[in-house]
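K.L.:
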Amino acid sequence: MLKLEYLFENYELAREALSLWEHDEDNLEEMLGYFRISSNAVYPFTREGRVCFLRLAPVGEKAETDVRGELEFIRYLLKEGYPALRPVRSLSGEDMVVADTGFGRYFACVFEKVDGVEISEAGYGREVMYAYGRALGRLHALSSGYVPAVRKQGHKEILERIRRTLEEYGGCREAFTELAAVERELGRLPVTTENYGLVHYDFEPDNVFWDDGKKECSVIDFDDGIYCWYGLDLEQVRDSLAEELEGEQLEKAWGDFQEGYACEYAYPEETRELLPLMRRFVDLRSYAGLIRCISSVTEEEPQWLEELRGKLNGKIERLEEGFSETCPAAE
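In UniProt numbering, the protein residues as written are 1 to 331.
1. I'd like the list of long-range same chain contacts for tyrosine 34, defined as Cβ closer than 6 Å, with 5 residues on each side in sequence excluded.
2. Under three-state DSSP, which class holds tryptophan 254?
3. What ranges does the alpha helix (DSSP H) occupy inside the stretch 156-189, keeping only unbroken runs of at least 4 residues that lie completely in it?
4. Residues in its own chain within less than 6 Å of residue 332 by CB, not counting five upstream and five downstream?
5. By Cβ distance, which residues of its chain are closer than 7 Å to residue 389, with the 5 residues on each side in sequence left out?
6. Might you give, ordered along the chain, the residues of its own chain that have their beta carbon closer than 8 Å to the beta carbon of valine 59, omitting 5 neighbours on each side?
7. Would you call lysine 152 buried or exposed, if buried means 16 or more other Cβ atoms sit within 10 Å of its Cβ?
8. Run through DSSP, which three-state label would isoleucine 119 get?
9. Looking at the ligand SAM, does it come within less than 8 Å of methionine 96, judged from the CB to the closest heavy atom?
10. Applying the 10 Å Cβ sphere with the 16-neighbour rule, what's the burial state of isoleucine 226?
11. Can you tell me where the beta strand (DSSP E) holding leucine 198 begins and where it ends?
12. Tell me, which residues are paired with threonine 192 by DSSP?
13. Between which two residues does the beta strand (DSSP E) containing tryptophan 210 stretch?
14. If you draw a straight line from the C-alpha of tyrosine 267 to the C-alpha of alanine 135, how long is it?
15. Taking contact to mean at least 3 C-beta pairs separated by less than 8 Å, is the stretch 216-224 in contact with the stretch 84-92?
16. Drop a sphere of 10 angstroms on the beta-carbon of valine 110, count the other beta-carbons inside from all chains shown, and report buried for 16 or more, exposed for fewer.
17. Pull the bridge partners of serine 218 from the DSSP assignment, please.
18. Below 8 Å, how does it come out for the stretch 36-50 and the stretch 119-135: are there three or more Cβ pairs, yes or no?
19. Pairs of beta-carbons, one from the stretch 270-290 and one from the stretch 159-167, closer than 8 Å: are there three or more?
20. Pick out whichever of Leu2, Met96, Pro302, Arg279 has its Cα sitting closest to the Cα of glutamate 178.
21. If we count Cβ pairs, one from each stretch, closer than 8 Å, do we get three or more for the stretch 185-197 versus the stretch 47-57?
22. Report the CB separation of tryptophan 254 from arginine 272 in whole angstroms; it is logged as a contact under 8 Å.
23. In this structure, what does DSSP give as the bridge partners for cysteine 228?
24. Out of Ala175, Tyr196, Lys315, state which residue places its alpha-carbon closest to the alpha-carbon of serine 144.
25. In chain order, what residues of the same chain lie with their CB nearer than 8 Å to the CB of leucine 2, ignoring the 5 residues before and after it?
26. Which of the three DSSP states, helix, strand or coil, is assigned to alanine 329?
27. Do alanine 122 and tryptophan 210 count as a contact pair if the criterion is CB distance below 9 Å?
28. Excluding the 5 residues flanking leucine 319 on each side, which residues of the same chain have their C-beta closer than 6 Å to its C-beta?
29. Answer yes or no: do glutamate 235 and leucine 198 have a C-beta to C-beta separation smaller than 9 Å?
30. Given a cut-off of 9 Å on the beta-carbon distance, is the pair phenylalanine 73 and tyrosine 146 in contact?
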């Protein structure tokens with residue numbers, strides 16, 4: 001998530017960045033109003049009548065190699081026929097522009113809207129869950145054969161970033177203890193082309209779209225992808241489903257998903273056993289991002305920002321409680 005200071009809408013910035021791409025002017029003001037900001041600022045617009053999304057991030061918030069690595073991976077997936085979101089080249093022919101704007105330097109990209117509806121809106125029936133699982137299995141199958149020119153960060157670099165963030169922004173003692181424990185356990189795991197590669201990281205129901213006409217899923221938001229064990233993506237899906245469903249409905253949806261996944265890619269017991277450790281790794285990364293995010297203070301914060309800060313502090317406290325449970329020796 002971006003620092004809180006970047007969560008304010010900035011239509012002037014969006015218009016300045018959009019001058020680098022073809023776009024429709026007649027409905028631009030209305031379309032920009034449907035913006036959202038989290039780990040990036042995303043502004044919708046149309047291009048020859050088709051909905052597209054402008055994605056902006058301050059250069060200090062992202063690594064350029066990660067952005068370029070993301071776009072290279074997406075182009076590879078599209079070449080292989082995988083239904084990923086499609087980048088739109090700028091007027092200068094680039095997938096990504098480092099834009100010098102009146103508000104600072106930003107990484108700017110544009111993507112076409114994918115067809116279909118979010119999995120969370122399509123429901124969690126067998127047909128959808130099975131296709132959802134197949135989409136992740138096929139993604140991992142393609143990732144296992146992918147050789148990048150620009151390599152995104154791996155789990156070791158992420159662990160080091162977490163450590164630096166905990167030091168700089170005052171992470172709790174339990175977080176440092178949990179980091180050491182997770183790093184130690186990850187260090188014992190085998191790394192092979194079958195179990196480790198470029199993962200999506202956010203393969204959650206709101207980033208995967210079900211097209212009922214084509215009977216397939218399209219995937220967006222590869223932004224947070226890293227090199228890690230494929231079990232991480234599976235754990236993210238399991239956790240997301242557990243937030244929406246419970247009991248027998250959850251068990252069935254998760255079972256259908258795993259069946260679809262195994263249809264496309266190997267799903268051995270070793271991968272299943274990794275899921276709890278992957279959750280601990282994800283929680284550490286989330287915690288580091290959150291304490292960095294709330295470190296940003298703006299003058300006279302609006303009510304919505306005060307409320308958001310409160311929610312984020314609540315998430316931080318829950319994560320810290322979790323660290324205490326997994327590392328009781330830290331108490």
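Beta carbons are placed, not taken as given, at the ideal position from N, Cα and C, and that holds for glycine.
P.N.:
Let's see:
1. Pro44
2. helix
3. 173-187
4. The displayed coordinates of the chain run from 1 to 331. Any statement about residue 332 would go beyond what the structure contains.
5. The structure shown does not extend to residue 389, since the chain is modelled only from 1 to 331, so the question has no answer here.
6. Val98, Gly104, Arg105, Tyr106, Phe107
7. buried
8. helix
9. This structure simply doesn't include the ligand SAM, nor any ligand for that matter.
10. buried
11. 196-199
12. Note: threonine 192 sits in no beta bridge, so no partner.
13. 208-211
14. 14 Å
15. yes
16. buried
17. Phe209
18. no
19. yes
20. Arg279
21. no
22. Going by Cβ atoms, the distance from tryptophan 254 to arginine 272 rounds to 11 Å, so no, they are not a contact pair.
23. Gly197
24. Tyr196
25. Ile37, Ser38, Ser39, Asn40, Ala41, Ala57, Pro58, Glu61, Cys293
26. Note on alanine 329: pLDDT 49, under 50, position unreliable in the model; the coordinate value appears next. The answer is helix: DSSP assigns alanine 329 an H, G or I state.
27. yes
28. Asp283, Tyr287
29. no
30. yes
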